[in-house]
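Numbering (our numbering), first residue to last: 360 to 614.
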């Protein structure tokens, strides 16, 4: 039992031990018939962070500079969604490149094994915090395995399927997109990776594999890179992705 400003006692929860295992809101306790002030304020802060993650623009130039150590060309593109409001109201527009962006890449080198895409998605915060950390593990593995790698394309107002459009234009063997996941009230910085073998415009979710919850406190950057590398290898070996391709690696602990 504790004290809140010397007034109502805070009744601690018997579920406190769960706090060591999860960031979910468990064992909040109570002060009288209400939640403790700290729990209420933390909830409001998490809600504000989630909104900021959705509406904050991805700093393109800073991101390009941060990716320079990877020694791959980085190129900025746009989806058909012209602004954040349109992106949220018209998901279909986020799935395809703008006409201007198509013209920018249609003469790029075609036929690489892997093309990398990065999209703000629903959390630019997730991209800023996580994408470089995963790529710095993944790219050396792919290079060592002699995969041919294309440019890195950053897509503003992009959704998952925009990588299929890019991969289709570039005749890539596989498209890989790093995208900010929808923020929740426990995590606003979670990133996902989606991969599609033989990407084509118009494919649906059953054609893709997903690695999710990549963040500090979730799936580590190194484990995410290892999973992506495994799935890429298997996709090319078996010539499939999506529901026909499973992560059959031995179970490993999330750190």
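Every residue, glycine too, gets a C-beta built ideally from N, C-alpha and C.
Note that this is a predicted model, so its numbers are computed, not measured.
{"Item": "Closest to residue 578 by CA distance: which of 466, 509, 594, 489 is it?", "Value": "489"}
{"Item": "Does the distance from the CB of residue 409 to the CB of residue 542 come in under 9 Å?", "Value": "yes"}
{"Item": "In angstroms with no decimal places, state the Cα-to-Cα distance between residue 592 and residue 517.", "Value": "26 Å"}
{"Item": "I'd like to know if the segment 542-560 and the segment 442-453 are in contact, where contact means that at least 3 CB-CB pairs between them fall below 8 Å.", "Value": "no"}
{"Item": "Residues in its own chain within less than 7 Å of residue 348 by CB, not counting five upstream and five downstream?", "Value": "Examination of residue 348 is not possible in this model, given that the chain is present from 360 through 614 alone."}
{"Item": "Assuming residue 515 contacts residue 412 (C-beta within less than 8 Å), just tell me the rounded distance between them.", "Value": "Going by Cβ atoms, the distance from residue 515 to residue 412 rounds to 15 Å, so no, they are not a contact pair."}
{"Item": "Just to confirm the assignment, what range does the alpha helix (DSSP H) spanning residue 492 have?", "Value": "483-503"}
{"Item": "If I measure Cβ to Cβ from residue 530 and keep anything under 7 Å in the same chain, skipping five residues before and after, which residues do I get?", "Value": "469, 470"}
{"Item": "Alpha carbon to alpha carbon, how far is residue 330 from residue 386?", "Value": "The structure shown does not extend to residue 330, since the chain spans only 360 to 614, so no value can be given for it."}
{"Item": "Check whether the Cβ atoms of residue 519 and residue 498 lie closer than 9 Å to each other.", "Value": "no"}
{"Item": "Can you name, in chain order, every residue of its own chain whose Cβ lies under 6 Å from the Cβ of residue 613, other than the five neighbours on each side?", "Value": "Only weak support exists for where residue 613 lies, its pLDDT of 47 falling under 50; the coordinates are left without a value."}
{"Item": "According to DSSP, is residue 397 part of a helix, a strand, or is it coil?", "Value": "helix"}
{"Item": "For a test of the three-state rule: what should DSSP assign to residue 592, helix, strand or coil?", "Value": "helix"}
{"Item": "Sort out for me which residues DSSP pairs residue 474 with in a bridge.", "Value": "534"}
{"Item": "When we look at the beta-carbon of residue 458 and count the other beta-carbons within 10 Å, is it buried (16 or more) or exposed?", "Value": "exposed"}
{"Item": "Mind checking which residues open and close the alpha helix (DSSP H) that includes residue 567?", "Value": "Residue 567 -> not in any alpha helix (DSSP H); beta strand (DSSP E) instead, spanning 567-573."}
{"Item": "Return the residue from the list 441, 399, 486 that minimises the CA-CA distance to residue 550.", "Value": "486"}
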